[in-house]
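In the numbering used here, the protein residues as written are 8 to 387.
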Amino acid sequence: MCLPRQQGGLGVMDPTTQQSALQLRWLHALMVAPFQANGSIALPYLAQLIAAQAPQDLTQFDYRLLIMFPQLRPSPMNRTDNPLSLILHAIDKIPKEFSQVVINAHTCLQLPLEAIYVHTDDIVLSRTSKRLLVSSTHTIDEGTQCIRHKQGSEIQIHPTLSTRFLRLVQNCRIMLQPFFIQTMIHPGLSATGQHLFVPVTHENVDSDPFLLAINLGSANPKMNTSPGQYRSKVSSPEATIRGTPSMWKKFWLMPLTHATRNIWIRIIRRKIPAKSTLHRLIPSYFQSPVCPICCTKDESIEHFLYKCPLKMVSGMNSWENYFSTPFSIEAIHEAIFELQFPQNNQASRHIEPAIIIASIITSIWRIHWTFVFNTVPFLS
Ligand SMILES: [Zn+2]
């Protein structure tokens, strides 16, 4: 339903995605100086609520990292009854692409391990491992001021998990993210080699590079993700529907009543309750897929429309009254499913072929259900 009309959808806005897109108003504001007095009490309150969750043992912390990385949040913060739930859910849905990000070593130490490696299907870390801070496994070298692995006695938090992570890195089972590797390179070497970067010179914990990478929280509103951009970023691709954009454009321009268009779109999308479909979905209730009219073949969608002998006679009579193109299974299939209409005959030259096909479909539809619900015999 949420696909564009050119692709056979109805162009309906996904309410869940839109609900998240509307949280951008809060997300942008929370990222840019929320404690400044601007008349709102809600914003400083929300920011304070997040900042209060920061780890107590850190001398400096950027509370926006808690918003950005779910593994940093205490478990109650990720629950759906948390007042921040909708806001955090909105940012969690944004794809995180940090290949161009450059951060300093002090920021790096406060990230969760989950954030610093390239995820593959081969390696699955435990939930606890993913939530460990980088400071569990790495530290800043006093001499070079670069990030380095911790040595045995330096690892004190979850030593087993931390050591396993380091071993996976050393064995090249885990590939680290570029922004993390850069913090292990001396700033003097940043302008050499294939992957040049401009090192961060300050020592503040700063989530700005991550936020800028996903266009969030910039002081310049034009740089921020708009609700429309957010929807296109986070929307998951729906199953494709048969038909080209030009076919769907033709479909929407056909002069049909709502009732007829509703039946026809469901036919093209193969969503009509033919017996074979009902039997497949609810076999306990629809115990047989056989056509209730001819009782000889399974009622597929094509059988429902024109392959059932009685319906074929009915459709063929109507077809030959209005079209000069000979009737055939292929011709009626192309007309219904691909909107490739036959030539009108002289008598029907003023009637659009789409209206004639729509009349055939609607008649078959109505007579079929009159037979099913009122047991009125189907007469061709
Ligand atoms: Zn039949």
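Note that the Cβ used here is the ideal one computed from N, Cα and C, for glycine as well.
Return the bridge partner residues of residue i from the DSSP annotation.
i, result
"Asp-305", "Val-297"
"Leu-140", "Pro-119"
"Tyr-124", "Leu-183"
"His-156", "His-145"
"Asn-351", "Phe-330"
Residue i to residue j, Cα distance in whole Å?
i, j, result
"Ser-253", "Ile-343", "15 Å"
"Glu-121", "Val-141", "9 Å"
"Arg-155", "His-193", "11 Å"
"Val-19", "Arg-12", "9 Å"
"Gln-201", "Asp-21", "43 Å"
"Thr-190", "Ser-133", "25 Å"
"His-145", "Gln-107", "22 Å"
"Leu-37", "Ile-308", "53 Å"
"Phe-187", "Tyr-124", "8 Å"
"Gly-389", "Ala-220", "The structure shown does not extend to residue 389, since the chain is modelled only from 8 through 387, so no value can be given for it."
"Thr-199", "Val-205", "11 Å"
"Pro-119", "Ser-169", "12 Å"
"Asn-85", "Pro-296", "46 Å"
"Pro-384", "Thr-23", "46 Å"
"Gln-55", "Glu-210", "23 Å"
"His-165", "Thr-135", "9 Å"
"Arg-249", "Arg-273", "12 Å"
"His-357", "Ile-275", "26 Å"
"Glu-345", "Asn-324", "21 Å"
"Asp-69", "Ala-97", "19 Å"
"Leu-72", "His-35", "14 Å"
"Met-222", "Lys-240", "Per the sequence shown, residue 222 should be read as Asn rather than Met. Approximately 11 Å between the Cα atoms of the pair."
"Gln-350", "Ile-336", "16 Å"
"Thr-377", "Leu-263", "22 Å"
Does ligand 1 have even one heavy atom less than 8 Å from the beta-carbon of residue i?
i, result
"Glu-306", "yes"
"Thr-303", "yes"
"Pro-384", "no"
"Ile-300", "yes"
"Leu-317", "yes"
Give a yes or no on whether 9 Å exceeds the smallest Cβ distance from residue i to chain C.
i, result
"Lys-256", "In the displayed structure, chain C is absent; only one protein chain is listed."
Do residue j and residue i count as a contact pair if the criterion is CB distance below 9 Å?
i, j, result
"Ser-214", "Thr-114", "yes"
"Arg-238", "Gln-67", "no"
"Glu-306", "Pro-299", "yes"
"Leu-29", "Leu-53", "no"
"Ser-233", "Cys-9", "no"
"Ser-331", "Asn-352", "yes"
"Cys-153", "Ile-147", "yes"
"Met-230", "Ala-361", "no"
"Val-207", "Gln-117", "no"
"Ile-371", "Lys-318", "yes"
"Ile-94", "Ile-74", "yes"
"Trp-255", "Gly-15", "yes"
"Ile-279", "Phe-258", "no"
"Arg-180", "Asp-129", "yes"
"Ala-354", "Tyr-313", "no"
"Ile-374", "Phe-348", "no"
Would you check whether ligand 3 has a heavy atom nearer than 8 Å to the C-beta of residue i?
i, result
"His-310", "Ligand 3 is absent from the structure shown, which contains only ligand 1."
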